[in-house]
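Q: Residue numbers (the numbering used here): 54 to 405. The following block contains the structure, expressed as structure tokens.
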């Protein structure tokens, strides 16, 4: 009996070792095949028309290309240092937001700000800024209004976020990061009972660690890049990093203060504004976009306008699988929604 059990364990170990070896060899072969027959790059670059790398995103009066394995998009920066559309005089509408508003991966004529303004024949400005949080977006708006003495009729803020995930690009995350960084630097906060909570590193879960490792993995494996290229939306929906109650509460407080700043600016300058929610593809696939809307509404000075309903028929068809931003069709849907929502209405809806 003992000898039989020993033989069984030995055979089991051998089988497991053989399985691991087979899987390793298969993955290595698949990696080689992918590199030879399906070469695909990681990430994206901004380059001039002739291919020279561009360092500055908003160098006034420049034209460059956004290049990745999914797009090659000509991008024009106005002489005022923001992406087109732009104006010589006073704008009717100003768009603010992050990379989704800027038009990551989209040609100038494919951004929803450009489509909307052309169809309604409005003078518009796109102040979208990749990697920015809400406060930075409002500060950028105020800077341009002050510098160019603009008196816009309306401002459209596009908030990109997901309350159930704490991954890069999420405006909730950007707001949280800036809020904790700035408050931790203040002496009075550091002396308060909340100082330790602000300075402490949040507990990072397994899923969040896996997501953080993807940059390194994608940088070294063509096979993994190929998998993400074809099944990106589904992978994003499976790997979601829960922010936890404490981090989400701080992110909401930061967002509340940032939106209050926009509300105050609108009253001071005299423009109307709308807040729109853009969600990542995984929020739609998981069916959690309603929770994100509820969270944002809880800290917004006015009702937030949702957009997830525009993509429910087939979410993956409206986002770049690898990049995660809107593709041209996704951007067009947002533009048409904006046009249909405001057709027949007075655009000069200044707050009283």
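Note that beta-carbon positions come from the ideal geometry of N, C-alpha and C, so glycine has one too. Predicted model, so just to flag it, every value in this text is computed and none were measured.
Return the Cβ separation of residue 352 and residue 309 in integer angstroms, given the expectation that the two are a contact with Cβ distance under 8 Å.
A: Yes, they are in contact, since the Cβ atoms of residue 352 and residue 309 sit about 4 Å apart, within 8 Å.
Q: Can you confirm whether the region 149-166 touches the region 189-207 when touching is taken to mean that 3 or more C-beta pairs between the two stretches lie within less than 8 Å?
A: As far as the Cβ criterion goes, the region 189-207 touches the region 149-166, which means the pair count is three or higher.
Q: Assuming residue 150 and residue 213 are in contact, meaning their beta carbons sit under 8 Å apart, how far apart are those beta carbons, in whole angstroms?
A: With 8 Å as the limit, residue 150 and residue 213 qualify as a contact, their Cβ atoms being about 7 Å apart.
Q: Using DSSP with H/G/I as helix, E/B as strand and the rest coil, what is residue 224?
A: Note: residue 224 maps to helix in three-state DSSP.
Q: If you follow the beta strand (DSSP E) that residue 126 is in, where does it begin and where does it stop?
A: Start and end: 125-129.
Q: Considering only residues of the same chain and omitting the five flanking positions on each side of residue 350, which have a CB-CB separation below 8 Å?
A: So the qualifying residues of the chain are 356 and 357.
Q: Would the beta-carbon of residue 229 fall within 7 Å of that of residue 304?
A: Yes, the Cβ-Cβ distance between residue 229 and residue 304 is below 7 Å.
Q: Is residue 158 closer than 7 Å to residue 126 when the C-beta atoms are compared?
A: Yes. Within cutoff.
Q: Kindly indicate which residue of 107, 102, 98 and 199 has the alpha-carbon position closest to the one of residue 143.
A: The option with the nearest alpha carbon to residue 143 is 199.
Q: Which residues in the same chain as residue 120 place their Cβ atom closer than 7 Å to its Cβ, once the five residues preceding and following it in sequence are excluded?
A: Closer than 7 Å at Cβ, skipping near neighbours: 97, 98 and 100.
Q: Give me the Cβ distance between residue 123 and residue 384, rounded to the nearest whole Å; I'm assuming they're in contact under 8 Å.
A: 14 Å between Cβ atoms; not a contact.
Q: Within 10 angstroms of its Cβ, does residue 69 collect 16 or more other Cβ (buried), or is it exposed?
A: The residue is exposed, with fewer than 16 neighbouring Cβ atoms inside 10 Å.
Q: With a Cβ-Cβ cutoff of 7 Å, do residue 205 and residue 324 count as a contact?
A: Yes; because the gap between Cβ atoms is below 7 Å, this pair is in contact.
Q: Cα separation between residue 389 and residue 169?
A: Their Cα atoms are separated by approximately 7 Å.
Q: Does DSSP put residue 153 in a helix, a strand or coil?
A: Helix.
Q: Looking at the structure shown, is residue 136 part of a helix, part of a strand, or coil, going by DSSP?
A: Reduced to three states, the DSSP call for residue 136 is strand.
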